[in-house]
Amino acid sequence: MKAFAWFVWGLSCWLGAAGPAHAQGPGVPLDVLHWWTSASERRAADQLSAQLANAGVVWKDAAIPGGGGMAAVKVLKSRVLLGDPPDVAQLIGTTLTDWADMGLVLPLNGVAQRQRWAQVLFPTVLDLVTYKGDVIAAPLGIQRINTLLYNRKLFARLGLTPPRSWGQFEIAARKLTALGLRPLVWSDEPWQMATVFETVLLGEAGPTLYRELIVQRKGSAWMDPRVERALQRLRWLRTLSGDNPQEKTWTDGARELMNDSAGMMIMGDWAKGELMAWGASPTKDFGCVVVPGTEGMHLYSVDTLAMLVSARQREATQEKMAEVVVSPATQLAYNRIKGAVPVRRDVDVSSLDGCARDSWETFAAPRSARVPSLAHRMAADEAIKDAVAQTLWRFLTDARMEPQEAQRRLAAVIRASGAER
């Protein structure tokens, strides 16, 4: 907390000392800080850069690898305190509103009005980028977290159908194990554990209880028997990796699926984008269904770009970038590579792969349950997310801990955050 207070103080000093702005002419590059560094992410960023170049906006790349964006946020803070903030930053979820509270984010109300964002964006997305009456970011794409990828060749070899229930999943797991293959890609990285848990939790708890747990953060709700079932299911999923599960990057896990050494993977649909970037086909090599129990539900994370305030007056170019980012052509080109889906409800998604069409159609359906991800900072800040992830890691790596004890610890994490509402 002290570190954050010092940062806010330093930021206020910088903002006060920034001095008069100086207008910049056309063609001045926009410095873009982001963490898209895997093969598919890099290709998607390059596609975005090309779309912007066609509109006369120059993308100056400042990619920061590692940490699921935390390394990038640290670099962002450092640059702000040094008086050299980027013009654009990838900021998502609660992180975005934190920066808006500090007065560092340029409102995009004019762009939103000119492009009729209220009419063309999904309401959930517009709400996400609207804060205290201002539109504070340009949304890029919607990722679906409750995605189960499977190896088509292995499933065909064993006569398996994509699992729509946990019973079918268990049958597939037994057959894959008997063949000497890993049934499910697994990593002991805490954020990946949390990703699997929240999608299993959604299936076991249903969207109403999920919102009480994750959005409303009711500590007492964590003692519900359905949470216990989700924890037991999570522990069973980990056992499918054998006696010594290890930490591995999500790209390493996706490589196992592509190399026919694993049958299934629970991961956001960015993993689909990565497989496609490596040359795999969603119609021949792999497929995707929703995680059992989450049919008709969309556990989402949304990529957003914030335009930052600085002593360099580049509002016109920043607004032009926001216009291009949300345009139909850019939305389709970017998300086709990234593995995500457009944030607009007026685009023709027939050119996207089947996994993407199902994601977009589910998000668009009036009766679908759209719920924000905890593991990917849509529903809670970094501190709460990390505390939940670490609690899950301790539960899964300590066989002596009973699910009820994990429930009590998760409830305590929520109460200690002071965020129950």
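Sequential numbering from 0 applies to the sequence shown in numbering that gives the first Met the number 0.
Backbone N, C-alpha and C fix where the C-beta goes; we use that ideal spot for every residue, glycine too.
*How would you write the range of the beta strand (DSSP E) that residue 371 sits in, first residue to last?*
Counting along the chain, the beta strand (DSSP E) containing residue 371 begins and ends at 368 to 371.
*Would you decide whether residue 222 is buried or exposed? Buried here means 16 or more other CB atoms lie within 10 Å of its CB.*
exposed
*CA-CA distance, residue 287 and residue 247?*
21 Å
_Using C-beta distances below 7 Å, list every residue in its chain close to residue 190, excluding the 5 sequence neighbours before and after it, in chain order._
Residues 67, 374, 388 of the same chain have their beta carbon placed closer than 7 Å to that of residue 190, with the five preceding and five following residues left out of the count.
*When the distance is taken between beta carbons, is residue 339 closer than 8 Å to residue 140?*
yes
*asked:* Can you give me the C-alpha to C-alpha distance between residue 37 and residue 89, rounded to a whole angstrom?
replied: 15 Å
*asked:* I want to know whether the stretch 304 to 315 touches the stretch 175 to 191 - three or more CB-CB distances under 8 Å.
replied: no
*Residues of its chain near residue 19, where Cβ-Cβ distance is below 6 Å and the 5 sequence neighbours each way are ignored*: For residue 19, the predicted model reports a pLDDT of 36, less than 50, meaning its position is unreliable and no value from the coordinates is stated.
*Can you tell which of 384, 53, 397, 396 has the C-alpha that lies nearest to the C-alpha of residue 461?*
Residue numbering for the chain in the displayed model covers 0 to 420; residue 461 lies beyond these limits and cannot be assessed.
*Secondary structure, alpha helix (DSSP H): runs of 4+ residues fully inside the stretch 62 to 138*: 69 to 80, 92 to 100, 108 to 113, 116 to 119, 122 to 127
*Write down every uninterrupted run of the beta strand (DSSP E) in the stretch 239 to 292 whose length is 3 residues or greater and which is fully enclosed by it, in chain order.*
261 to 265, 285 to 289
*Have a look at residue 200 and residue 225 and give me their C-alpha separation to the nearest angstrom.*
8 Å
_Classify residue 334: buried if its beta carbon has 16 or more other beta carbons within 10 angstroms, exposed otherwise._
buried
_Can you tell me whether residue 311 is buried or exposed? The criterion is at least 16 other CB atoms within 10 Å of its CB, across all chains shown._
Buried, by the Cβ-count rule.
*CA-CA distance, residue 300 and residue 371?*
6 Å
*With DSSP run on the structure shown, which of helix, strand or coil describes residue 308?*
coil
*Excluding the five sequence neighbours on either side, which residues of its own chain have a C-beta within less than 7 Å of the C-beta of residue 133, listed in chain order?*
106, 108, listed in sequence order.
_Assigned exposure category for residue 138 - 16 Cβ within 10 Å defines buried_ = buried
*Nearest-angstrom Cα separation, counted from residue 256 out to residue 158*: 18 Å
*From what residue to what residue does the alpha helix (DSSP H) around residue 421 run?*
This structure cannot speak to residue 421, because the chain is shown only from 0 to 420.
*If you measure from the beta carbon of residue 207 to each beta carbon in chain D, is any gap under 8 Å?*
Any reference to chain D falls outside this structure, which holds one protein chain only.
*Could you tell me the distance, in whole angstroms, from the CA atom of residue 198 to the CA atom of residue 367?*
15 Å
*Among the residues of its own chain, which have a CB less than 6 Å from the CB of residue 359, if the five just before and after it don't count?*
So the list reads 340, 348, once near-sequence residues are dropped.
*Would you decide whether residue 273 is buried or exposed? Buried here means 16 or more other CB atoms lie within 10 Å of its CB.*
Buried: at least 16 other Cβ atoms inside 10 Å.
*How would you call residue 435, buried or exposed, if buried means at least 16 neighbouring beta carbons within 10 angstroms?*
Past the edges of the chain, shown from 0 to 420, lies residue 435, and the structure says nothing about it.
*Measure from the alpha carbon of residue 93 to the alpha carbon of each residue in 214, 289, 259, then state which is nearest.*
214
*Using alpha carbons as the reference points, say which of 69, 346, 44, 309 lies closest to residue 327.*
346
*Kindly list the residues whose CB is nearer than 7 Å to the CB of residue 356, restricted to its own chain and excluding five residues on each side of it in sequence; keep chain order.*
348
*Where does residue 221 sit, in a helix, a strand or coil, going by DSSP?*
helix
*asked:* Using only CA atoms, which one of 331, 238, 279 lies nearest to residue 398?
replied: Per the Cα distances, 238.
*With a cut-off of 8 Å, do at least 3 Cβ pairs link the stretch 262 to 270 to the stretch 140 to 149?*
yes
*If you compare alpha carbons, which of 135, 353, 403, 297 is closest to residue 210?*
Of the candidates 135, 353, 403, 297, the one whose C-alpha sits nearest the C-alpha of residue 210 is 297.
*beta strand (DSSP E) containing residue 150: first to last residue?*
146 to 150
*Pull up the distance between the alpha-carbon of residue 104 and that of residue 291, whole angstroms please.*
39 Å
*Give the secondary structure of residue 47 by DSSP, where H, G and I count as helix, E and B as strand, and everything else as coil.*
helix
_Does residue 200 come out as helix, strand or coil in the three-state DSSP assignment?_
Three-state result, residue 200: helix.
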